[in-house]
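The sequence shown: position 8 = -11 (my numbering), numbered continuously.
Here a beta-carbon is modelled for each residue, glycine too, at the ideal position from N, C-alpha and C.
Computed from a predicted structure; not experimentally measured.
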Amino acid sequence: MIPIAKPIIGEDEINAVVEVMRSGVIAEGQKVKDFESNFADYVGTSYAVAVNSGTAALHAALLAHGIGNGDEVITPPFTFAATSNSVLFTGAKPVFADIKEDTFNIDPERIIEKITPGTKAIIPVHLYGQSADMKSIMEIAQDNDLIIIEDACQAHGATFEGKKSGSFGTGTFSFYPTKNMTTGEGGIITTNDKTVAEKAKMIRSHGSRQRYYHEMLGYNLRMTDIAAAIGLVQLKKVDEFNDSRIRNAQYLSKSLNNIKGISLPYVDRRCKHVFHQYTVRIRNGITRDEIISLLNKRGIGTGIYYPLPIHKQPFYKDLGYSDSLPVSEKASEEVISLPVHPSITRTDLDTISQTLRELLS
Ligand SMILES: *Cc1c(COP(=O)(O)O)cnc(C)c1O
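And the structure:
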C-alpha cells in the first residue's frame, strides 16, 4: 500500500530522544527553549511558544489575545474541527465565511460580509500547505481593527509574497505525525507581540510566571523536552521534506495534466505551496467513493480532507448553525487527496497517475 501520509523518523531523531531520556530532564528543560528559538528564527518572528498540540496553540493564541465570551471570530468551515472548536473553548462564537473554489482557502470577500460590531478576530487557515490571500486579509484586518490568528497547522515553511506563514499575525502550528514536520504530538505559537508571547506562556502553565503564583486561569499545555528534541532535528529537515513534496506534486500534476474529469491543485503565483496535501477534484460520472475504493484496491492510499464542513457537523447543528456555504459544501463532496509525502517514489507516482488515467478513461 502507498500510504497517504508517513512521518520520516531517522536515527537522528531516535538519538535525540535517547539523549534527553538519559539526561533525566524530560520536561521543561533547555530543548523546549532551543526549539522555540529555532522555530521563531525559521518563521521570522520575535517569539515562539511551544505547546503540546496544534489545537492547544490555537486555544492559547486566542486566549492570549483576550478573545472570549461575546466575541465573534471569523473562520472558514472547510478545515479540521480544531480551528473552530478552539474558538468555542474560549466562549467566543465561530462565524463561518465560505472559501474560494480554486485555492480552498477563505474568501476575503466573504469575510467582509460576516464582519459585525462583535467581530474580534479572523482565523485564516492555510489549507493543504498553501497560504490564504494574506494581502487582502491583512487589509481587512487593518481597516476593521481585527486580530489575525493564522492556522498554519498544515503550512510549515509556506510563504505568501516571500513572507512565511505564521508571521503575518499570530501563527499557530501543529506537529502531529502526518504534518510536514513532527514532534509526535505538539504545537507552537509564533508572534512578534511580546505581551501575547508572555500571556501564551502563562496560559500554557496554569497562569503562572513564577511557579505556584497564579496570575490568571491557565491550563497544562506544555511541550516535553522529548518532543522538542525531535522537533529540533525535524526542523533542520523540513525544507528538504517540503522540496520533496513540491517535486512530487509537480511530477503528479504533469502526469495527470491531460486527463478529463479531474481538476488539479491550483497554485497561487504569490505562494510557495508546501503540499501538506495534494488535493484534486473528480468530476467524471464515476463517484468519489468508487474512485477511492478502486484506488485502494490497487494499493493507493487516499484521504478526504474534509468530508463534512464544520457548519454541517452534528455538534454544530446542535449549536444552531444552519448557514449555507455552497463552495465549502461542494468541495467536501468532490475532493480527494493523493500521496505526495517525501517517502513516495517516482514509481509510486507513476502508479498513481497510470491508475487514475485508466479509471477515468
Ligand atoms: C492538524 C490541524 C490542527 C490541529 O492540530 P493538532 O496538533 O492535531 O491538535 C488544526 N488545524 C488544522 C488545519 C490542522 O490540519
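The beta carbon of residue 175 is closer than 8 angstroms to those of 27, 28 in its chain, skipping five residues each way along the sequence. DSSP places residue 317 within a strand segment (E or B) once states are collapsed to three. Annotation for residue 61 indicates a beta carbon within 6 angstroms of some heavy atom of ligand 1. DSSP, read as helix, strand or coil, puts residue 50 in coil.
A Cβ-Cβ separation of about 5 angstroms places residue 109 in contact with residue 260 under the 8 angstroms criterion. Nearest C-alpha to residue 284 among 327, 154, 47, 313: 313. Rounded to whole angstroms, the separation of the alpha carbons of residue 148 and residue 136 is 12 angstroms. Leaving aside the five residues that flank residue 48 on each side, the residues in its chain whose CB is nearer than 8 angstroms to its CB run, in chain order, 54, 68, 71, 73, 101, 102, 128. In the DSSP assignment, the residues bridged to residue 132 are 106, 153.
As for any alpha helix (DSSP H) of minimum length 4 sitting wholly inside the region 141 to 194, the runs are 175 to 185, ordered along the chain. Taking the Cβ atoms as the reference, residue 213 lies roughly 6 angstroms from residue 15, within the contact range of under 8 angstroms. The region 319 to 326 makes contact with the region 222 to 229; the number of CB pairs closer than 8 angstroms reaches 3 or more. In this chain, the beta strand (DSSP E) harbouring residue 262 covers 259 to 263. Counting along the chain, the unbroken beta strand (DSSP E) around residue 74 starts and ends at 74 to 77. Residue pairing from DSSP places residue 31 in a beta bridge opposite 169.
Taken through DSSP and simplified to helix, strand or coil, residue 201 comes out as strand. Residue environment: residue 97 is assigned as exposed (fewer than 16 neighbouring CB atoms within 10 Å of its CB, all protein chains considered). Following the DSSP letters along the chain, one finds residue 125 inside the alpha helix (DSSP H) bounded by residues 115 to 125. For the 7 angstroms CB-CB criterion, residue 330 and residue 233 form a contact. Per the coordinates, the alpha-carbon of residue 36 lies some 25 angstroms from the alpha-carbon of residue 116.
For residue 210, the enclosing alpha helix (DSSP H) starts and ends at 206 to 237.
The closest CA to that of residue 130, considering only 150, -4, 33, 277, is found on 150.
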